[in-house]
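Visitor:
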Amino acid sequence: MAGKPKLHYFDARGRMEAIRWLLAAAGAEFEEKLIESSEDLDKLRYDGSLVFQQVPMVEIDGMKLVQTRAILNYIATKYDLYGKDMKERALIDMYTEGVADLGEMIMLLPLCPPDQKNTKLTLIQERATNRYLPAFENVLKSHRQDYLVGNKLSKADIHLVELLYYVEELDPSLLANFPLLKGLKTRVSNLPAVKKFLQPGSQRKLPGGEKSLERARKIFKF
Amino acid sequence: MIKYYRNQETAIMAGKPKLHYFNGRGRMECIRWLLAAAGVEFEEKFIEQPEDLDKLRNDGSLMFQQVPMVEIDGMKLVQTRAILNYIATKYNLYGKDMKERALIDMYSEGVEDLGEMIMHLPLCPPDQKDAKIAQIKERTTNRYFPAFEKVLKNHGQDYLVGNKLSKADIHLVELLYYVEELDPSLLANFPLLKGLKARVSSLPAVKKFLQPGSQRKPPMDEKNLEEAKRIFRIK
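If you read the protein sequences in the order shown, they are chains A and B. Here the numbering used here is used: the first residue of the first sequence is 1, the next is one more, and so on. Here the numbering used here is used: the first residue of the second sequence is 1, the next is one more, and so on.
1. Closer than 8 angstroms by beta-carbon distance: list the chain B residues that pair up with A122 of chain A, in chain order.
2. For a cutoff of 8 angstroms on Cβ pairs, would you count D105 of chain B as touching chain A?
3. Per DSSP, what kind of secondary structure is V67 of chain B in: helix, strand or coil?
4. By DSSP, does Y82 of chain A sit in helix, in strand, or in coil?
5. Would you say the stretch 19-31 of chain A touches the stretch 75-86 of chain B, given that touching needs at least three Cβ pairs under 8 angstroms?
6. As a quick exercise: from B:I118, B:K137, B:G195, B:C124, pick the residue whose alpha carbon is nearest that of P219 of chain B.
7. Tell me the start and end of each unbroken beta strand (DSSP E) in the stretch 25-69 of chain B that is at least 3 residues and wholly inside, in chain order.
8. Kindly indicate which three-state DSSP category Y147 of chain A falls into: helix, strand or coil?
9. For V78 of chain B and chain A, any beta-carbon pair shorter than 8 angstroms?
10. Tell me, which residues are paired with Y178 of chain B by DSSP?
11. So, are the CB atoms of R13 of chain A and P56 of chain A less than 8 angstroms apart?
12. For the stretch 149-215 of chain B, list the alpha helix (DSSP H) runs that are entirely contained and at least 4 residues long, ordered along the chain.
13. Taking 8 angstroms as the threshold (C-beta atoms), are F136 of chain A and R143 of chain B in contact?
14. Quick one: is T89 of chain B near chain A, going by C-beta distance under 8 angstroms?
15. Would you mind working out which of B:C124, B:G15, B:H20 sits nearest L73 of chain B, comparing C-alpha positions?
16. For D105 of chain B, count neighbouring Cβ atoms within 10 angstroms of its own Cβ and tell me buried if that reaches 16, exposed if not.
17. What is the DSSP secondary structure of K152 of chain A, counted as helix, strand or coil?
18. With a threshold of 7 angstroms on Cβ separation, who are the neighbours of L165 of chain B within its own chain once the five nearest residues in sequence on each side are excluded?
19. Looking at the strands, I want to know which residues DSSP matches up with I72 of chain B.
20. Identify the residues that DSSP records as bridge partners of H20 of chain B: which are they?
21. Determine the contact status of A28 of chain A and H159 of chain A, defining contact as a CB-CB distance below 8 angstroms.
22. Measuring CA to CA, which of A:V66, A:K43, A:H8 is closest to F30 of chain A?
23. For a test of your reading of the model: does the CB of L175 of chain A fall under 7 angstroms from any non-hydrogen atom of the ligand ZN? Yes or no.
24. Looking at chain B, is there any beta carbon in it that lies within less than 8 angstroms of the beta carbon of F52 of chain A?
25. Taking all protein chains shown into account, decide if F281 of chain B is buried (16 or more other Cβ within 10 angstroms of its Cβ) or exposed.
26. Can you tell which of B:E226, B:L175, B:E48, B:L35 has its C-alpha closest to the C-alpha of K90 of chain B?
Here is the structure:
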């Protein structure tokens, strides 16, 4: 069980960033083996390292885990970020899935054909403002505690705060009317492990530009 | 019928789960399968008009304004995975420890990826349908089925994880039925998957669910698709 987790992905946020955030917030050091060419990906496939021929893949505790949610759930359980019982887990899962739904829209935006981009962006802004951010603001409002579930930091808080950074990158005004979300963002960002991760030079990945997208297209052949 | 208990918590826990969705498979069917396989009776409140969905939204019953929603143990849970994970934990279909859970999650997610492609097929524009079907068949044959066949081959056990029935087996077998509906020949070269399908289908609770008259929903036809579009206001 010793040894740091080893993350296999290319040098970008993509589907691995949520995992980086969670490990970092848990104070768990990790290594990254960056996929730089389609040949690197082929090698992982031929090795039999990827159950469904896809990354993210994380080597952890003797396993080669694929599928983002499987990886996140394992890490959360291991580092006590998954609530104290099954009912808390249900809430954490529910909130996490809501974050993932909005996060997916934002993540896929760069892949959107140029003529559809404005429509997509408007939809994201609408959903953030009318569906997702109010839902989470209401959770915090309903119990007035520092964290979403069980008065304790969980994966739900970490995923949500990560999302709030992406929403802010897209359009800072979207967070304007959500004081409790802003409070959560500040609170979680000030936790020592998260604060460290937010500093330059950490393993946190920057927004992918055109160059990153082209590299992804080459590696994943799409 | 409401049973009154001295303890209100027990009263809430004692009622059957109540599923809110339209009368079709969609994103609720895997929940129906899991409950059924766990031997759990459940009620269904069908959304039949857009106004029914509006009412649920205005009631504050839907955290993200979406269904599926399942009333269970005093909670109104939304998000398919949250619901499935809770049910699996409650009915002991989620492995014995965190490592087994990781494998179960990994396999469930793979099933979900292929299942999502199949589920969206009716919504595919007619000119893209053939290409989509070809992609589904290719992924099934070259990626997903070999992966699961290999898992079963490696340990030679009756179930995917920990030699015990789990949500992974139930989700996979459900998927095998949908693949069979699409193209029965796709299962041809996967004897262990066929064995798992037969084995799980023979479990009393699953056998019952597979019979006509159960709460299992039929494949989506034109009428069902139109109904879904109308209710969810999809053009």
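For glycine and all other residues, C-beta sits at the position ideal for the given N, C-alpha and C. All values derive from a computational prediction rather than experimental measurement.
Guide: Concretely, from the data shown:
1. Working through the first sequence from its first residue, we reach residue 122 of chain A at position 122. One point to set straight first is that residue 122 of chain A is Thr, not Ala, in the sequence displayed. Correct list: empty, because the minimum Cβ distance to chain B is about 17 angstroms.
2. Residue 105 of chain B sits at position 105 when you count from the first residue of the second sequence. For D105 of chain B, the nearest CB of chain A lies under 8 angstroms from its own CB, placing it at the interface with that chain.
3. As a position in the second sequence, residue 67 of chain B is number 67, starting the count at 1. When secondary structure is reduced to three states using DSSP, V67 of chain B falls in the coil class, being assigned neither helix nor strand.
4. The residue you call residue 82 of chain A lines up with position 82 of the first sequence. The answer is coil: DSSP assigns Y82 of chain A none of H, G, I, E or B.
5. Because the criterion of three Cβ pairs below 8 angstroms is not met, the stretch 19-31 of chain A and the stretch 75-86 of chain B do not touch.
6. Taking the second sequence and counting its residues from 1, one reaches residue 219 of chain B at position 219. For P219 of chain B, the nearest C-alpha among the options comes from B:I118.
7. The stretch 25-69 of chain B contains these whole beta strand (DSSP E) runs: 43-46.
8. Against the first sequence, residue 147 of chain A aligns to sequence position 147. Coil, per DSSP.
9. The sequence position of residue 78 of chain B within the second sequence is 78, counting from 1. Yes, V78 of chain B lies at the interface with chain A (some Cβ there is under 8 angstroms from its Cβ).
10. Position 178 of the second sequence holds residue 178 of chain B. According to DSSP, which records beta bridges pairwise, Y178 of chain B is partnered with nothing at all.
11. In the first sequence, counting from the first residue as 1, residue 13 of chain A sits at position 13. In the first sequence, counting from the first residue as 1, residue 56 of chain A sits at position 56. At least 8 angstroms separates the beta-carbon of R13 of chain A from that of P56 of chain A.
12. Correct list: 167-182, 191-202, 204-210.
13. Within the second sequence, the letter at position 143 stands for residue 143 of chain B. Within the first sequence, the letter at position 136 stands for residue 136 of chain A. Going by C-beta atoms, R143 of chain B is not nearer than 8 angstroms to F136 of chain A.
14. As a working note, residue 89 of chain B is residue 89 in the second sequence. Closer than 8 angstroms: yes.
15. As a position in the second sequence, residue 73 of chain B is number 73, starting the count at 1. It is Asp, not Leu, that sits at residue 73 of chain B in the sequence shown. For D73 of chain B, the nearest C-alpha among the options comes from B:G15.
16. Mapped onto the second sequence, residue 105 of chain B falls at position 105. Per the 10 Å Cβ criterion, buried.
17. In the first sequence, counting from the first residue as 1, residue 152 of chain A sits at position 152. When DSSP states are grouped into helix, strand and coil, K152 of chain A belongs to the strand group.
18. Taking the second sequence and counting its residues from 1, one reaches residue 165 of chain B at position 165. So the list reads L93, Y159, once near-sequence residues are dropped.
19. Working through the second sequence from its first residue, we reach residue 72 of chain B at position 72. B:M75.
20. Your numbering for residue 20 of chain B matches position 20 in the second sequence. Paired residue(s): B:K45, B:M69.
21. Translated into the one-based positions of the first sequence, residue 28 of chain A becomes position 28. Translated into the one-based positions of the first sequence, residue 159 of chain A becomes position 159. Going by C-beta atoms, A28 of chain A is not nearer than 8 angstroms to H159 of chain A.
22. Locating residue 30 of chain A in the first sequence gives position 30, counting from the first residue. Taking only the C-alpha atoms, the option nearest F30 of chain A is A:H8.
23. Only the bare structure without any ligand can be found here, which leaves the ligand ZN out of the picture.
24. To locate residue 52 of chain A, count along the first sequence from 1; it is residue 52. Taking Cβ atoms only, chain B reaches closer than 8 angstroms to F52 of chain A, which makes this a yes.
25. Nothing can be reported for residue 281 of chain B, as the shown portion of chain B is limited to 1 through 235.
26. Here the question's residue 90 of chain B lines up with position 90 in the second sequence. Nearest C-alpha to K90 of chain B: B:L35.
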